[in-house]
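If you're matching positions, the sequence shown starts at 1 in my numbering and goes up one per residue.
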Amino acid sequence: MKLKYIYIIILLFFPFIIKAQIDANSVMGIPQVTNNTEMLSITGAQESSMVYNIAQKGIYIFDGTTWVSTSGNNWLINGNNGATSSNFLGTTNDVRMQIRSNNLPILEFGRRQTLNLVQSYPDYTDNNQPLVYIRGNGNISALQFASSGASFYRPMFFTTTNGSFRLKGSSGGTDLFEIGSAGPANDGRMEFIVGDDGNEPIVFKRYDYRNGQFNTELFRVQGSNNTANAKPRFGININPQHVALDATYNDSSNTGYNIANSTLQVNGSVSTAILRTTASITLTEDHYTIIITGAHNITLPSAASCTGRIYIIKNISGGNRSISTYRNGSDGNSTNIGNNKRLWLQSDGSFWQQIN
Numbered sequence: 001m002k003l004k005y006i007y008i009i010i011l012l013f014f015p016f017i018i019k020a021q022i023d024a025n026s027v028m029g030i031p032q033v034t035n036n037t038e039m040l041s042i043t044g045a046q047e048s049s050m051v052y053n054i055a056q057k058g059i060y061i062f063d064g065t066t067w068v069s070t071s072g073n074n075w076l077i078n079g080n081n082g083a084t085s086s087n088f089l090g091t092t093n094d095v096r097m098q099i100r101s102n103n104l105p106i107l108e109f110g111r112r113q114t115l116n117l118v119q120s121y122p123d124y125t126d127n128n129q130p131l132v133y134i135r136g137n138g139n140i141s142a143l144q145f146a147s148s149g150a151s152f153y154r155p156m157f158f159t160t161t162n163g164s165f166r167l168k169g170s171s172g173g174t175d176l177f178e179i180g181s182a183g184p185a186n187d188g189r190m191e192f193i194v195g196d197d198g199n200e201p202i203v204f205k206r207y208d209y210r211n212g213q214f215n216t217e218l219f220r221v222q223g224s225n226n227t228a229n230a231k232p233r234f235g236i237n238i239n240p241q242h243v244a245l246d247a248t249y250n251d252s253s254n255t256g257y258n259i260a261n262s263t264l265q266v267n268g269s270v271s272t273a274i275l276r277t278t279a280s281i282t283l284t285e286d287h288y289t290i291i292i293t294g295a296h297n298i299t300l301p302s303a304a305s306c307t308g309r310i311y312i313i314k315n316i317s318g319g320n321r322s323i324s325t326y327r328n329g330s331d332g333n334s335t336n337i338g339n340n341k342r343l344w345l346q347s348d349g350s351f352w353q354q355i356n
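This is the structure:
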């Protein structure tokens with residue numbers, strides 16, 4: 001009987017005997033060792049015994065022969081050592097994976113259906129589309145990028161409370177650019193913004209990989225000068241020079257580049273609509289030059305509806321033809337165009353005026 005009691009006492013106190021070889025401190029009841037040497041020197045450990053290795057910052061389990069690190073099957077909050085190409089952070093079944101901060105599921109991964117993001121609109125219907133979802137707070141979200149060269153406007157994609165999506169950031173270190181949607185319901189718009197305090201242009205370029213790789217400017221939209229009241233200028237093919245690529249995107253300032261000399265400057269040809277009549281016709285915004293080829297009459301739209309619009313009308317029908325009232329060269333009313341005559345008309349907002 002005495003031997004039986006001694007055996008029971010040994011079993012009860014065995015964990016404490018083992019712990020006596022380990023550092024007296026523990027974390028949530030798990031004994032600690034300071035390093036591998038101390039851990040390997042433990043004797044009498046039973047299978048499934050656990051210790052926390054301070055030097056390795058991980059929990060080790062005794063498998064009956066040796067101490068095995070649990071970090072091979074777990075991602076540690078202070079990083080992992082010894083990860084291989086087969087290791088990953090994620091799920092192996094069809095459930096959403098979340099990354100949280102302050103318990104807010106900011107980032108989610110999964111199939112479109114798994115994330116409940118399938119909609120009956122084009123490009124949103126594929127149940128199996130792999131998706132990375134920046135959830136934010138469920139209403140708005142943002143994705144910002146490091147940019148040490150940006151003095152003020154740090155680059156970021158973001159959504160707004162009215163459902164718009166925008167890209168905003170720095171341009172040239174101190175200036176701002178912004179691209180995105182805006183507007184209320186059923187009155188949305190797309191916006192391109194650049195500026196700060198100068199005549200910063202919006203430039204469209206063409207890249208060519210031949211002959212040393214270069215960019216060529218197609219067209220630019222820019223203010224007429226460096227003031228708050230600058231008029232818009234639109235220039236097409238006004239800077240046709242080949243410009244070598246600049247890996248720093250710091251390729252000079254606007255110096256050496258032309259600003260359009262008028263509201264619209266086109267260095268090249270211009271094409272407008274031209275039509276030969278086959279019957280009487282009412283002119284619209286689709287028309288510009290009209291050739292009257294037969295006994296056809298011309299109806300002009302209201303001058304008040306299209307201030308500034310120009311029509312060119314040529315009559316080769318073999319006789320005089322009727323046209324809506326316009327002001328002729330003597331500022332009188334006319335309602336016809338003679339055979340083999342040409343008529344240039346422009347709306348002043350009240351009347352159609354003969355220009356030629």
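Glycine residues also receive a C-beta, built at the ideal position from the N, C-alpha and C atoms.
Item to check | Where residue 258 sits in the DSSP three-state scheme | outcome: coil
Next on the checklist: Residues in the same chain with beta-carbon distance under 7 angstroms from residue 316, minus the five sequence neighbours each way, listed in chain order, please.
Outcome noted: 291, 292, 293, 340
Checklist entry - In angstroms, rounded to a whole number, what distance separates the CA positions of residue 356 and residue 333? => result 15 angstroms
Item to check | Given residue 206 as reference, the closest of 84, 185, 86, 244 once Cα atoms are compared | outcome: 244
Next on the checklist: My output table needs one value for residue 38: the three-state DSSP class, helix, strand or coil.
Outcome noted: helix
Item to check | Presumed contact (8 angstroms Cβ cut-off) between residue 38 and residue 64, rounded CB distance | outcome: That belief does not hold up - the Cβ atoms of residue 38 and residue 64 are roughly 20 angstroms apart, past 8 angstroms.
Checklist entry - When the Cβ atoms of the region 74-83 are set against those of the region 111-122, are three or more pairs found closer than 8 angstroms? => result no
Next on the checklist: On the DSSP letters alone, give me the boundaries of the beta strand (DSSP E) that residue 322 sits inside.
Outcome noted: 321-327
Checklist entry - Within the present structure, is the beta-carbon of residue 80 separated from the nearest heavy atom of the ligand PLP by less than 8 angstroms? => result For the ligand PLP, the structure offers nothing, since it holds no ligand at all.
Checklist entry - Using a Cβ-Cβ cut-off of 7 angstroms (strictly less than) and excluding sequence neighbours within five positions of residue 322, which residues of its own chain qualify? => result 297, 335, 336
Checklist entry - When DSSP builds the beta bridges, which residues end up paired with residue 301? => result Partner(s): none; residue 301 has no beta bridge.
Next on the checklist: If the criterion is Cβ atoms closer than 9 angstroms, does the pair residue 268 and residue 295 meet it?
Outcome noted: no
Item to check | Three-way DSSP call (helix, strand, coil) for residue 70 in this model | outcome: helix
Checklist entry - Once you ignore the five residues that flank residue 365 on each side, which residues in its own chain have a CB closer than 7 angstroms to its CB? => result As displayed, the chain neither begins before 1 nor continues past 356, which places residue 365 out of reach and without an answer.
Checklist entry - residue 275 lies in the beta strand (DSSP E); which residues open and close that run? => result 274-276
Checklist entry - Do you know how far the Cα of residue 234 is from the Cα of residue 208? => result 23 angstroms
Item to check | For residue 304, the nearest candidate out of 219, 353, 343, 198 (CA to CA) | outcome: 353
Checklist entry - Going by C-alpha distance, which of 104, 106, 154, 94 is nearest residue 128? => result 94
Next on the checklist: Tell me the residue span of the beta strand (DSSP E) that contains residue 208.
Outcome noted: 202-208
Item to check | Whether residue 357 touches residue 59 by CB criterion (9 angstroms) | outcome: The structure shown does not extend to residue 357, since the chain spans only 1 to 356, so no value can be given for it.
Next on the checklist: Do residue 199 and residue 182 count as a contact pair if the criterion is CB distance below 9 angstroms?
Outcome noted: no
Checklist entry - Since residue 215 contacts residue 238 with CB under 8 angstroms, what's their CB separation in whole angstroms? => result Rounded, the Cβ-Cβ distance is 15 angstroms, inconsistent with contact.
Checklist entry - Ordered along the chain, which non-local residues of its own chain (more than five positions away) have a Cβ less than 8 angstroms from that of residue 57? => result 76, 78
Checklist entry - For the putative contact between residue 324 and residue 299, defined by C-beta atoms under 8 angstroms, what is the C-beta separation to the nearest angstrom? => result 5 angstroms
Checklist entry - For residue 112, which of helix, strand or coil comes out of DSSP? => result coil
Checklist entry - Applying the criterion that 16 or more other CB atoms from any shown protein chain within 10 Å of the CB defines a buried residue, is residue 326 buried or exposed? => result buried
Item to check | For residue 211: DSSP bridge partner residues | outcome: Its beta-bridge partners do not exist; DSSP assigns none.
Checklist entry - Buried or exposed: where does residue 287 fall if 16 or more other Cβ atoms within 10 Å of its Cβ makes it buried? => result buried
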